[in-house]
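Protein chains in written order, with the working numbering: chain F, 14 to 354; chain D, 14 to 354; chain E, 14 to 354; chain Y, 14 to 354.
For every residue, glycine included, the Cβ atom is placed at its ideal position computed from N, Cα and C.
A quick note: this is a predicted structure, and the numbers were derived from the prediction, not measured.
Notes for the one structure printed next.
4 protein chains.
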Amino acid sequence: MLHFESDYLEGAHPLVLERLMQTNMEQTPGYGTDVYCEAAREKIRLACAAPEAEVHFMVGGTQTNATLITAMLRPYEGVIAAESGHINQHEAGAVEAGGHKVLALPHAEGKLSATDVNRYVTDFYANPSWTAMVAPGMVYISQPTEYGTLYTLAELRALSAVCRKHHLPLYMDGARLGYALAAHGNDVTLEAIASLCDVFYIGGTKVGALFGEALVMPRPGAIRQLSSIIKQRGVLLAKGRLLGLQFDTLFTDGLYERIARNAIVMADKIVSALKERGYRFLITPQTNQLFVVLENEQLARLSAQVGIEVWEKVDDTHTAVRIATSWATREENVDALIGKL
Amino acid sequence: MLHFESDYLEGAHPLVLERLMQTNMEQTPGYGTDVYCEAAREKIRLACAAPEAEVHFMVGGTQTNATLITAMLRPYEGVIAAESGHINQHEAGAVEAGGHKVLALPHAEGKLSATDVNRYVTDFYANPSWTAMVAPGMVYISQPTEYGTLYTLAELRALSAVCRKHHLPLYMDGARLGYALAAHGNDVTLEAIASLCDVFYIGGTKVGALFGEALVMPRPGAIRQLSSIIKQRGVLLAKGRLLGLQFDTLFTDGLYERIARNAIVMADKIVSALKERGYRFLITPQTNQLFVVLENEQLARLSAQVGIEVWEKVDDTHTAVRIATSWATREENVDALIGKL
Amino acid sequence: MLHFESDYLEGAHPLVLERLMQTNMEQTPGYGTDVYCEAAREKIRLACAAPEAEVHFMVGGTQTNATLITAMLRPYEGVIAAESGHINQHEAGAVEAGGHKVLALPHAEGKLSATDVNRYVTDFYANPSWTAMVAPGMVYISQPTEYGTLYTLAELRALSAVCRKHHLPLYMDGARLGYALAAHGNDVTLEAIASLCDVFYIGGTKVGALFGEALVMPRPGAIRQLSSIIKQRGVLLAKGRLLGLQFDTLFTDGLYERIARNAIVMADKIVSALKERGYRFLITPQTNQLFVVLENEQLARLSAQVGIEVWEKVDDTHTAVRIATSWATREENVDALIGKL
Amino acid sequence: MLHFESDYLEGAHPLVLERLMQTNMEQTPGYGTDVYCEAAREKIRLACAAPEAEVHFMVGGTQTNATLITAMLRPYEGVIAAESGHINQHEAGAVEAGGHKVLALPHAEGKLSATDVNRYVTDFYANPSWTAMVAPGMVYISQPTEYGTLYTLAELRALSAVCRKHHLPLYMDGARLGYALAAHGNDVTLEAIASLCDVFYIGGTKVGALFGEALVMPRPGAIRQLSSIIKQRGVLLAKGRLLGLQFDTLFTDGLYERIARNAIVMADKIVSALKERGYRFLITPQTNQLFVVLENEQLARLSAQVGIEVWEKVDDTHTAVRIATSWATREENVDALIGKL
């Protein structure tokens, strides 16, 4: 059986695991106060050209999103997100469990537009009943989006400008950020993100780590005592060094972006094969997630041999599926997959 | 200046106030344990033909909705509501502050359809990712809706059947229930509501009381120790008798429905005049709230003389407004309003 | 049966009710934006010598406490209170339901001491594990306390100084504040409170109103957009004028303090009688709540004829009870009570 | 520098790390649905003699406690715990952030007594104001306690009986459970725990795992859809197999208890040396945490050479410290420590 269901099927990049082995019996203080965390923070600051950045490590994406959003918002505020946003769809109501509404806006292939955000906020304060409504308190985007698409630098600048005009912090969910950075034609660098967003996270779980996300606030002080909130939500890892070690490794010699490229190269190969065979895409492929429309018989045949994720029903005879590659995808498996298309 | 902005501009019906005066210096125990609350509960049970009903009095609608919904749902569940539902639009995120997502569905003139609810729930459990999504835990409707429209008995039966099929409690927000009961052609009685809904509230604030809503659970036991949750949320009135006295009065000799009729009669008169003069309605009028489309010059002229609520922009030259009548609306004011149309 | 169980057995002072009658059919805008609320706010500012004060009206004490505390604290902070504090004992966990720990300190007859607060905060930050503990974020006191005792001006000054030293807002629960202001030897005026506390509320429910509490922030801006939080928690009264009218009346010609004196005079009379007959007090009486130690046979005999509140078991043969007077207590009932002692 | 500050200074037991290495490039489905999790669950069920047990893996102790407690309690309920309980002292208010009060009872060397719990619950319902108070909804204990002490089987049976009498689920925090199981004279086996508690967790983070805790409900169904709550709180690990692999290894051939013994043996050696030299213990040592009273000069001298945790001030000239051993503590380091005493 081949597996292309997701980008977190394997463990960690071998270099990451090697570091965990090498340092296993070292004794370090807990909760992220160790030298490995500090080294990783410094390397991330450098990669982001954000020398003052506050960097916190957490274990997973949902907890990072929920913790940050809860910490950022006042009780009466909500978070603007694309209707397709991960926090709106696939985090089991974690934002609401923290007391806040997700203000879902329409999207284009997973992306929020600056125009829509601007209109929403403007209309909101023009509404005579706004004090009885949930005030927009921040904006959430993901790069790449849940549909694997990318904001261009121009789009991100426009969003950032609208957010600043309305005093709304802009937060980027980078669960798969490596695959955005490695994508063809991507013009949004870590430095650009650090300059245009108020907070973002660099995803490790899906890009080479066993687990782990690095939350970055380029200009510290946006949130008072975030570390206490992290502790309170139970998402502070006792052996914090496990996170530090992984990110230290990933941000040494550009490993993070380097290994991400494999996912793009493998995706490219699959895209070419799909196009040749006349498959239709639900979304134009840009990164490591491919959304393909299959006839239901094709789906039945393929899914008997290949793990793929059923995404949504398109019509009575067609279904969209997701094929995902990752840093760990092997070319032989890609070739095997292509053989079955 | 004439006032038609809302249905809670005045105080209470004179008979209600008279009872408060008469009993003012009586000494009663607190927190709803007094004889007036008990008498009111008994009259409400009788009016609903629900002799076992559990009845709780609260001060206002938002607190009643938020308390009931929080008490009803498990942490991972959300509440299905029309996108236009009061809990989704105009309660400042109270449901989310209690930890739950509002699962907003499309609506027709403010109403949810049984078909849409059934499809939503069916699709939800058919989605392979449903465990990462917010599970539907109950259904919220309002009668009349936020647009003044009414569910028919057939519609309510269909909704109730779908809810029972999926084990979803059905909750009706009756902030203006009196105006539904008094409306022409309404076929949804209190008994029908008690038989088809799992919980609902009879609104007093907008129908003759100074304030107050009566939450009714026809078949008790649906929620364990609701009274403790009411206390904890700070919405248990110390002098609970104030609520008991008001509902006891409103449910004596059919006062509640009787005074509601005035709102309907006054609304009818305005509707006729508007139709004669060729005004267009945003929503076909059914109860005491009229949604009328005005040219912006008409709006400017009218709102200089009459308090009306601006509802929403229709297009660049038209705006929808709301005109509301109530139990307290005087015919002379209606005539004066008509004179200005 | 005589009733001395509590100070909220009756309705409102006749002048308050009269105002509600007179204005009943007036039409006013909702949610506290009416002229009566504004007039009441102005009179309260004057009485507190706090011309810039932000004043919000709420319906009851628990909701006022829970709303203010939730609005004031950051997620990781708790509220310091006496172990006997109302928020710690008798509000059904409303503060915790809002996400915050009550940091309960020992008390002397219901009072927190400046020394204890200072030591607690100092020890807290000296604890090497403090980042894993709930940070003190504000201080809650009540005047009079739950035991009817009073802070002296010197004690309040000392507490205020400690709070300011540690940047902790000081909040006073004044559910029965009228009875403190009217008490013999009280030297803590409204002006003093407004100058020494960051926020406090003036209780109406127990001192002449049907219901209602006036939350005062002498120096506004301590809490951003408190009104939205009030709305979200469902504790904003639709017909806000009901609160405005009541406080406008209570703060006209000193009615509030004037009617409170009756409770003190009646309490004095009972205290004298109790002392003459050799009864022992659990707490030295200072205001309108008397905590008396009865032999269990005395309790059985008395409670068959007089409503009194059983407070706590003292030992196997003695029980402490609470006798409460109020603005509404009649001398004839006091005499009758004394006759039964 | 020697390190005895805590029992989570090192990484994982070598066999655990080896398994992670061996399986690193295997592809498994996420979120705990893989074969390693299933194998670990089965081994844990066997070790607990609880064939029907529901087993959930989480990353850390605070998140396990907070998730379970939130899932278990109704909104108006609190959790009874020893005043010294980890949830009351050192989890940054996580339980309260989930909406619940910790009902802190006095303790004897960290232990709750059945008598105290019984009296608390009995007194609670005898209190005429109980409906305004936080109802006890479950009981939390830890084994070993935060002071390293152990419940005997007789004590646990008594507690369990009291809990069942009052219909209170009994929850055991086993962050260091391995060290209890391995302790001299311990008579509380996993089977006994599974039979007497309603839910408990077996701690991995401090006993051989990189991280991870296994929550066990011996009789499933106590909590509806706990997995959804785990997901919602953001504590479901994407690569759940990392947890499964670790617990599968720890529960193969009794590794868990076997490696825990090292901590006990090393602690014994330190205890003997301390006793010989006349040191005083704050708490009689039973497991791997030793609470020793030092003169302040001793503390200054020792802490310059050995990492130990300052626990609390005893008096002006004495301080209590904690010395912790673990599965990873080396005898040479223990000898070096003894040399410095």
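In the structure shown, the three-state DSSP call for D:Pro27 is helix. Secondary structure in the stretch 153–207 of chain E: the beta strand (DSSP E) runs of 3 residues or longer, each lying completely within the stretch, are 183–187 in chain order. The C-beta of F:Ser19 comes no closer than 8 Å to any C-beta of chain E. Taking a C-beta cut-off of 8 Å against chain F, the contacting residues of the stretch 19–46 of chain Y are Ser19, Tyr21, Leu22, Glu23, Gly24, Ala25, Pro27, Leu30, Leu33, Met34, Thr36, Asn37, Met38, Glu39, Gln40, Thr41, Pro42 and Gly43, listed in chain order. Assigned with DSSP and collapsed to three states, E:Lys219 falls in coil, not helix or strand. The Cβ-Cβ distance between E:Thr46 and E:Leu258 does not fall below 8 Å. The alpha carbon of E:Ala207 has as its nearest neighbour, out of E:Val68, E:Lys282, E:Leu250 and E:Thr300, the alpha carbon of E:Val68. Taking each of E:Glu344, E:Ala313, E:Val306 and E:Lys326 in turn and checking the Cα distance to E:Met279, the smallest one comes out for E:Glu344. Using a Cβ distance threshold of 8 Å, E:Leu250 and E:Leu256 count as a contacting pair.
From the beta-carbon of F:Gln76, the residues of chain Y found nearer than 8 Å are Arg246, Gly247 and Val248. For the pair of segments examined, the stretch 210–230 of chain Y was found not to touch the stretch 277–296 of chain Y: the number of CB pairs separated by less than 8 Å stays below three.
By the CB criterion at 8 Å, D:Gly247 and F:Gly112 fall outside the cutoff. Look at the beta carbons and you see the stretch 56–68 of chain D touching the stretch 259–273 of chain D: at least three pairs across the two are nearer than 8 Å. If you look at F:Asp328, you'll find it in the beta strand (DSSP E) that goes Glu322 to Asp328.
Looking from the CA of D:Ala94, the closest CA among D:Leu295, D:Val108 and D:Arg335 belongs to D:Val108. Residues of the stretch 144–167 of chain E with a C-beta atom less than 8 Å from some C-beta of chain Y are Thr144, Ala145, Met146 and Val147, listed in chain order. Going by C-alpha positions, F:Gly198 is about 28 Å away from F:Val29. Those residues of the stretch 171–195 of chain F placed with their C-beta closer than 8 Å to a C-beta in chain E do not exist. With contacts defined as CB atoms closer than 8 Å, F:Leu315 and F:Thr332 fail to qualify as a contacting pair. A distance below 7 Å between beta-carbons, with the five flanking residues on each side excluded, links Y:Lys252 to the following residues of its chain, in chain order: Gly43. Under the three-state reduction of DSSP output, E:Gln318 falls in the coil class, being neither helix nor strand.
With contacts defined by Cβ atoms closer than 8 Å, Y:Ala341 and Y:Ile236 do not form a contacting pair. Scanning the stretch 86–166 of chain E from its first residue to its last, the whole beta strand (DSSP E) runs of 3-plus residues come out as 90–95, 115–118 and 148–155. According to the DSSP assignment, F:Val278 belongs to the alpha helix (DSSP H) that extends over Leu268 to Glu289.
Contacts with chain E at 8 Å (Cβ-Cβ) do not include D:Ala273. F:Gly216 is positioned such that its CB atom lies no closer than 8 Å to that of F:Phe224. Apart from the 5 residues on each side of it in sequence, D:Ala273 sits with its Cβ closer than 7 Å to the Cβ of Gly191, Tyr192, Leu194, Ala195, Val220 and Trp340 in its chain, given in chain order. Within the same chain, Cβ atoms closer than 7 Å to the Cβ of Y:Leu354 are found at Ala286, Leu287 and Arg290, the five residues on either side in sequence being excluded. Contact between F:Ala145 and D:Ala105 is confirmed by a C-beta separation of about 5 Å, below the 8 Å threshold. Here Y:Ala337 is bridged, per DSSP, to Y:Gln302. Assigned with DSSP and collapsed to three states, F:Tyr49 falls in helix. When C-beta distances to chain F are compared with 8 Å, the residues of the stretch 65–94 of chain E below that value are Thr83, Ala84, Arg87, Pro88 and Tyr89, in chain order.
Spatial neighbours of F:Thr297 in its own chain (CB-CB distance under 8 Å, excluding positions within 5 residues in sequence) are listed in chain order as Glu122 and Thr162. It is roughly 35 Å from the alpha-carbon of E:Val323 to the alpha-carbon of E:Val134. Interface with chain F (8 Å Cβ-Cβ cutoff): Y:Gly216 is excluded. By alpha-carbon distance to Y:Thr202, the top candidate from Y:Asp211, Y:Lys178, Y:Thr165 and Y:Pro182 is Y:Thr165.
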